[in-house]
Amino acid sequence: MTDEVPAKGSILGKLVPARYVLALLGSIGMAIVYGLKVNLSVAMVAMLNHTAIKAHGGGGGHGSVTLSNASQVSLVEECSPPGGASNVTAKVEGGPFEWSEPLQGTLLSCYFWGYLVSQIPLAHVAENFSAKWVMLFSVAINVVCTLLTPVFTKLHYGGLILMRVLEGVGGGASFPAMHVMIASWAPPSERMVMSTIIYVGTSAGTALSILLAGVCSAQWEWESVFYVMGALSCIWIVLWVILVQDNPNKQRFISLEERQMINSSLGNEQKTEHHPAVPWGKVFTSVPFWAILIAHTCSNFGWYMFLIEIPFYMKQVLKFNVASNAALSALPYFPMIIFSICLGKLLDSLQAKGKITTTFARKTATSICTLIPGVCLLVLCYIGCRHYEAVSVMSVGIVAMGSMFSGFLSNHIDIAPNFAGTLVALTNTAATLPGIVVPLFVGFVTKGNQNISAWRIIFGVTIVLFALEFLVFVFLGSGSEQPWNKAGTPKDPEAKDEKTPLKELPTKP
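With the first letter of the sequence shown counted as 1, position 429 gets the number 429 in UniProt numbering; the numbers rise by one all the way through.
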């Protein structure tokens, strides 16, 4: 590195800290990945010909009631559209596709097939080669497949499955890549707030995607959902390539003061030539690791239930039309962003002042994202057809789930910053299973029985999993760096007691 590079970087770096440029662009990148992930949940409402599906007896959880079950359904509580029957928009029923209920579940869950298999290998690439380029791949393949989705879907539904699986492969790289970037860039005293800024992009992307997909599908044809969102995402790719690097030592646009501050706080002024080998045996016998994995998996069941199924719940049970459905589904994600960032900043400040430990901060945040959503789902089971009260309760639960970004979801970096990418790949792989299971489970429970009583079963299962997450993480979780984080290099796995400089070594705050 020449002397001119730091000099040039110091001018720009004093204007905007490079680590927060990374956090902002990382957040936008996560927003793109999640936005392109959930847009099908809203677009499918406009893509399906619900009238034809009903006529063909394809009734099920995502759109119809079979004739054989009509008398049974009439005996249970069923909602009317808010404001009367005129609130149902005929345009929503006019989609071109007559996909059966099992096929709808497959189309919604196939994204997670690719997501499931890509995380661990791409985490290895991010840790040993470049997290920056892995994240670029994650977003780029999602953008390309989104733009091609209308063409492939019109050819055959198998084309849509192919595009969604490839998007899942790219999406699986996002969390491991960003965990590696955070471990290389975030001083321990700012780790919670930087993690929250980056990962709250998932909420922003979800909200904007639901809104934009609702507007596009209501105003234009369903294809516009994919063309508009894919095209807008291309701008990020250019900014990411130019403005982001893997670590402060590679960054041109950074002040000398910021570089030295980050390096000294992480203890990584020098770098090892090779990344340490993952101590697999110690990882899989680590109680704090298993606490994260169980919390992540249980939480994702609830998260994907809200993310994937709520648009169908609001249309098929509460009878909102597509425009109202999109607006109300997106509503809670905006206050969730504010709440998540404020909570992360508060916990970071209390920790910096020595008033709380990292462990207490992580357990507090995780408790919020389990107890409050669980209580809200319990209320939702018995609130009946009071449409806007139900939406309000759902909104509170979703906002509270934003605390997971300061909870278990950032805990991998605490216990083993050297292997943060691998750890989040492992837990997120297990946590991907609910993404596959939730649409199939909801479809099974609500098949021919699309009413509140069926959804009480779904909400009840989710409440039990939230309770399990709370108990496991509170009793078994930890925010302390684990001894096996310093397990050495590929040449000497027992070198943890030697004075070998590590790639990243944030000490326990």
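Every residue, glycine too, gets a C-beta built ideally from N, C-alpha and C.
Just so you know, these numbers come straight off a predicted model, no measurement behind them.
Practice item. Starting from the C-beta of LEU15, find all residues in its chain whose C-beta is less than 8 Å away, skip the five residues before and the five after it, and write them out in chain order. Key: none
Practice item. Kindly indicate the opening and closing residues of the alpha helix (DSSP H) around VAL134. Key: 131-155
Exercise for review: Measure how close the beta-carbons of ILE237 and ALA140 come, nearest whole angstrom, since I'm counting them as under 8 Å.
Suggested key: That pair is a contact at about 6 Å.
Point to revise | CA-to-CA distance, VAL193 to PHE339, given in whole angstroms | key: 12 Å
Point to revise | Sequence-distant residues of its chain with Cβ nearer than 6 Å to TYR34 (five each side left out) | key: THR202, GLY205 and THR206
Review point. Does the segment 165-173 touch the segment 240-253, meaning 3 or more C-beta pairs lie closer than 8 Å?
Key: no
Check your understanding: How many Å lie between ILE457 and LEU377 at the Cα?
Key -> 11 Å
Practice item. Could you have a look at PHE253 and say whether DSSP puts it in helix, strand or coil? Key: coil
Review point. When the Cα of TRP303 is compared with those of SER403, SER286 and TRP290, which residue comes out closest?
Key: SER403
Check your understanding: Can you tell which of PRO373, GLU481, PRO332 and PHE419 has the C-alpha that lies nearest to the C-alpha of VAL461?
Key -> PRO373
Exercise for review: Put LEU331 into one of helix, strand or coil per three-state DSSP.
Suggested key: coil
Practice item. Confirm, please, whether the CB-CB distance from GLY344 to ALA126 is below 8 Å. Key: no
Practice item. Name, in chain order, the residues that DSSP records as bridge partners for PHE97. Key: LEU48
Check your understanding: So LEU468 packs on CYS298, CB below 8 Å; how close in whole Å?
Key -> 5 Å
Check your understanding: Given a threshold of 16 other Cβ atoms within 10 Å of its Cβ, counted over all protein chains shown, does SER264 qualify as buried or as exposed?
Key -> exposed
Review point. For GLY479, which of TYR382, THR366 and VAL442 has the nearest alpha-carbon?
Key: Cα-wise, what sits closest to GLY479 is THR366.
**Study point:** Among LEU155, VAL215, MET135 and THR285, the one whose alpha carbon lies nearest that of HIS179
**Key:** Looking at the Cα atoms, MET135 is the closest of the given residues.
Exercise for review: May I have the straight-line CA-CA distance separating ASN277 from SER209, to the nearest angstrom?
Suggested key: Checking the sequence, you will find Ala at residue 277 rather than Asn. Cα to Cα, ALA277 sits roughly 39 Å from SER209.
Exercise for review: Grab the span of the alpha helix (DSSP H) containing CYS376 for me, first residue to last.
Suggested key: 358-382
Check your understanding: In its own chain, which residues sit with a C-beta less than 8 Å from the C-beta of THR146, not counting the 5 before and 5 after it?
Key -> These residues qualify, in order along the chain: LEU36, ASN39, MET163, GLU167, PHE226, MET229, GLY230 and SER233.
Check your understanding: Can you tell me the Cα-Cα spacing of TYR20 and ILE161, whole angstroms?
Key -> Approximately 37 Å, taken between the alpha carbons.
Exercise for review: Would you check if there are 3 or more beta carbon pairs closer than 8 Å linking the segment 346-356 to the segment 409-420?
Suggested key: no
Practice item. Identify, in the order they occur along the chain, each residue of the same chain with its Cβ nearer than 7 Å to the Cβ of GLU273, setting aside the five sequence neighbours on each side. Key: The predicted position of GLU273 is uncertain, since its pLDDT is 48 and thus under 50; a value taken from the coordinates is nonetheless stated next. None.
Practice item. Starting from the C-beta of LEU347, find all residues in its chain whose C-beta is less than 6 Å away, skip the five residues before and the five after it, and write them out in chain order. Key: MET192, ALA361 and SER406
Check your understanding: Taking the alpha carbon of GLY158 as the point to measure from, which residue in GLY171, VAL144, PRO188 and TYR111 has its own alpha carbon closest?
Key -> TYR111
Exercise for review: Report buried or exposed for GLU309, applying the criterion of at least 16 other Cβ atoms within 10 angstroms of its Cβ.
Suggested key: buried
Check your understanding: What residue from GLY281, LEU22 and LEU440 has the CA that sits closest to GLU101's CA?
Key -> LEU440
**Study point:** Exposure of ALA18, with buried meaning 16 or more beta-carbon neighbours within 10 Å
**Key:** buried
Check your understanding: Does DSSP classify GLU221 as helix, strand or coil?
Key -> coil
Point to revise | Which listed residue (LYS363, SER286 and PHE97) has its alpha carbon closest to that of ASN485 | key: SER286
Review point. Rounded to a whole number of angstroms, what is the C-alpha to C-alpha distance between ASN249 and TRP185?
Key: 10 Å
Review point. Just to confirm, are THR432 and LEU116 a CB contact at a threshold of 8 Å?
Key: yes
**Study point:** Cβ shell of SER217 (< 6 Å), same chain only, five flanking positions each side left out
**Key:** ALA43, ALA46 and VAL225
Review point. Which value, in whole angstroms, describes the spacing of the CA atoms of SER109 and MET305?
Key: 12 Å
Point to revise | C-alpha gap between PRO483 and MET261, whole angstroms | key: The alpha-carbon atoms of PRO483 and MET261 are separated by roughly 25 Å.
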